[in-house]
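Have a look at the structure below, then the notes.
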Amino acid sequence: MYALVKTGGKQYRVAKDDTILVERIAAEEGAEVILNDIAMLADGDKVTIGTPKVDGAAVSATVMHQTRGPKIIIFRRKRRKNHRRTQGHRQDLTLLKINDIAEDAKKLAPAKPVAKKAAPKADDAAKQPAAKKAAAKKSAPKAAAAKKPAAKKAAKKD
């Protein structure tokens with residue numbers, strides 16, 4: 600049995616016990632993640648193609664390692680203009696080991712689906728209310744200083 604999984608804007612053909620290198624997934628090493636965006640499932644001659652994804656299908660994977668890809672140099676130039684720009688990029692990657700492929704996600708071990716953003720740590724959550732209280736404790740606004748009317752200009756004598 601194999602599946603076509605979409606993650607990080609790319610598609611990967613996976614089978615049980617495969618390891619794949621995907622764009623970064625916000626999860627700790629050793630954590631189990633559920634990939635729900637399945638484009639196709641195949642079990643022998645039985646092929647299920649999603650429109651756009653297979654309903655209820657899921658792939659269970661374990662995060663083996665968080666790593667980074669090779670450095671890529673982007674160099675742009677314009678001839679005869681003395682115009683050069685160099686930029687570098689290094690992609691964050693996650694190594695996943697596929698544990699199981701299921702047509703019904705309820706059959707997989709209970710695990711939370713992949714979240715797009717990592718939840719704030721407990722330490723950060725404790726600091727946030729204190730910061731709000733400090734902002735709320737601002738002193739009362741100072742009384743506006745009374746403005747004096749502008750002095751009148753002396754009129755010219757004839």
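Residue numbering for the sequence shown follows our numbering, starting at 600 and increasing by one per position.
The beta carbon of each residue, even a glycine, is placed where N, CA and C say it ideally should be.
The structure presented is a predicted model; accordingly, all values stated were derived computationally and were not measured.
- Assignment of residue 652 by DSSP, reduced to helix, strand and coil, places it in the coil class.
- When C-alpha distances from residue 669 are compared across 754, 638, 692, the shortest belongs to 692.
- In terms of Cα proximity to residue 702, the closest of 645, 606, 666 is 645.
- Look at the beta carbons and you see the region 654-665 touching the region 631-640: at least three pairs across the two are nearer than 8 angstroms.
- Residue pairing from DSSP places residue 622 in a beta bridge opposite 692.
- Across the structure, residue 619 and residue 612 are spaced so that their CA atoms are roughly 9 angstroms apart.
- In this structure, residue 651 keeps its C-beta atom at 9 angstroms or more from the C-beta atom of residue 641.
- Contact check for residue 683 and residue 676: beta-carbon distance about 5 angstroms, within the 8 angstroms limit, so the pair qualifies.
- At the C-beta level, residue 615 and residue 673 stay beyond 9 angstroms of one another.
- Boundaries of the beta strand (DSSP E) harbouring residue 677: 671-677, taken from the DSSP string.
- Here the alpha carbon of residue 649 sits roughly 14 angstroms from the alpha carbon of residue 601.
- Residue state for residue 701 is assigned as strand, using DSSP reduced to three classes.
- The bridge partners DSSP lists for residue 640 are 602, 647.
- Cα atoms of residue 607 and residue 697: separation of roughly 16 angstroms, rounded to the nearest angstrom.
- Excluding its 5 nearest sequence neighbours in each direction, residue 622 has C-beta neighbours in its own chain below 8 angstroms: 606, 607, 608, 609, 690, 691, 692, 693, listed in chain order.
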